[in-house]
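I have placed the structure first, in the form of structure tokens, so that the comments after it can refer back to it.
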Amino acid sequence: MGREIKRVPIDFGAPLNEVWAGYRMSDDLRLPTCPDCNGYTRDATYQWVEGIAQLLLMVGEDIADQQRGRPLHPYLSALTVYTNQRPADPSATALSGGLAGRHPRGWGHDAIDCYSATKAIIEAAGLDYETWAVCTGCEGRGNLGTPEQVAAYDAWERSEPPTGDGWQLWETVSEGSPISPVFATSDELASWMSDPAREQHWVPGHVAAQFIADGWAPTFVSTPETGLVSGVEFVGTTEGGER
Ligand SMILES: [Zn+2]
Numbered sequence: 011m012g013r014e015i016k017r018v019p020i021d022f023g024a025p026l027n028e029v030w031a032g033y034r035m036s037d038d039l040r041l042p043t044c045p046d047c048n049g050y051t052r053d054a055t056y057q058w059v060e061g062i063a064q065l066l067l068m069v070g071e072d073i074a075d076q077q078r079g080r081p082l083h084p085y086l087s088a089l090t091v092y093t094n095q096r097p098a099d100p101s102a103t104a105l106s107g108g109l110a111g112r113h114p115r116g117w118g119h120d121a122i123d124c125y126s127a128t129k130a131i132i133e134a135a136g137l138d139y140e141t142w143a144v145c146t147g148c149e150g151r152g153n154l155g156t157p158e159q160v161a162a163y164d165a166w167e168r169s170e171p172p173t174g175d176g177w178q179l180w181e182t183v184s185e186g187s188p189i190s191p192v193f194a195t196s197d198e199l200a201s202w203m204s205d206p207a208r209e210q211h212w213v214p215g216h217v218a219a220q221f222i223a224d225g226w227a228p229t230f231v232s233t234p235e236t237g238l239v240s241g242v243e244f245v246g247t248t249e250g251g252e253r
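Counting in this note's numbering, the sequence shown runs from 11 upward without gaps.
Right under this line is the structure:
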């Protein structure tokens, strides 16, 4: 993610600072979101089980919270009506770890753990995880359409811009947009990149040349030596051997 060099035709005229048309699915190909599941692909029962799985994992996390002196999470407080106000015991971690396939770490269980625990509960009930509680309105797609519309949607692929002899700088933070004019030579592009008129995008000439030689850099890179610098500058600094 960041900036990259593309080789495009000299007369390539795609608008600057706009996502290249080939990277964006056209609106008439997009399918309406399923109103039954709101794009979730599963029915509400699945979401109930997922919520209950989350609570079971939270009971396991609560053991660590108790050690840190933290109060019981409000969601769990509501359940102490079942435990005669007694907090959970360390056996809770064995249960949450067993459901999730791994014990709580750092801040606790994460979204992958919740997915694993939900799946474990569904399978413990003898149900097929792949087919149980799939939204019937959209058959688990999350969107609606005629078979022809669905086929067209599925068949859509990104298409790259045409290639040619020109040199152009693109940003890849969005899906990808051209951000410089097309130049006939890499030296001209390097000059453009190192023109002080670029302001916040300006980089030293040798950095721009190195970046073009490497062809790619992330937007920002942080190291103890350089601090936070633009990825273009980082490539030039580290690969070019100059500061
Ligand atoms: Zn649906």
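Note that CB positions come from ideal geometry on N, CA and C, so glycine has one too.
- About 5 Å separates the beta carbon of residue 166 from that of residue 35, a gap short enough to meet the 8 Å contact definition.
- In this structure, DSSP gives residue 188 an extended state, which the three-state scheme calls strand.
- If you check the C-beta of residue 155 against ligand 1, you find no heavy atom less than 7 Å away.
- Sequence-distant partners of residue 98 (beyond 5 residues in either direction) whose C-beta falls short of 7 Å from its own C-beta, in its chain, are 69, 72, 73.
- Excluding its 5 nearest sequence neighbours in each direction, residue 176 has C-beta neighbours in its own chain below 7 Å: 17, 18, 19, 20, 22, 192, 193, 194, listed in chain order.
- The beta-carbon separation of residue 179 and residue 13, rounded to 6 Å, stays under the 8 Å limit for a contact.
- When the beta-carbon positions are compared, residue 33 and residue 208 stay at least 8 Å from each other.
- Residues close to ligand 1 by the beta carbon criterion (under 5 Å to any non-hydrogen atom) are, from first to last along the chain, 44, 46, 47, 145, 147, 148.
- Excluding sequence positions up to five before and after residue 96, its CB lies within less than 8 Å of the CB of 90, all in the same chain and listed in chain order.
- Within the stretch 60 to 110, the complete alpha helix (DSSP H) segments at least 4 residues long are 84 to 87, 101 to 110, listed from N- to C-terminus.
- If you draw a straight line from the Cα of residue 171 to the Cα of residue 30, it is about 8 Å long.
- Beta-bridge analysis with DSSP links residue 222 to no other residue.
- Residue pairing by DSSP leaves residue 132 without any beta bridge partner.
- DSSP places residue 198 in the helix class (H, G or I) of the three-state scheme.
- Per DSSP, the continuous alpha helix (DSSP H) segment holding residue 158 begins and ends at 157 to 165.
- Setting aside the 5 residues that flank it on each side, residue 181 is surrounded in the same chain by 13, 187, 189, each with a C-beta closer than 6 Å to its C-beta; the list follows chain order.
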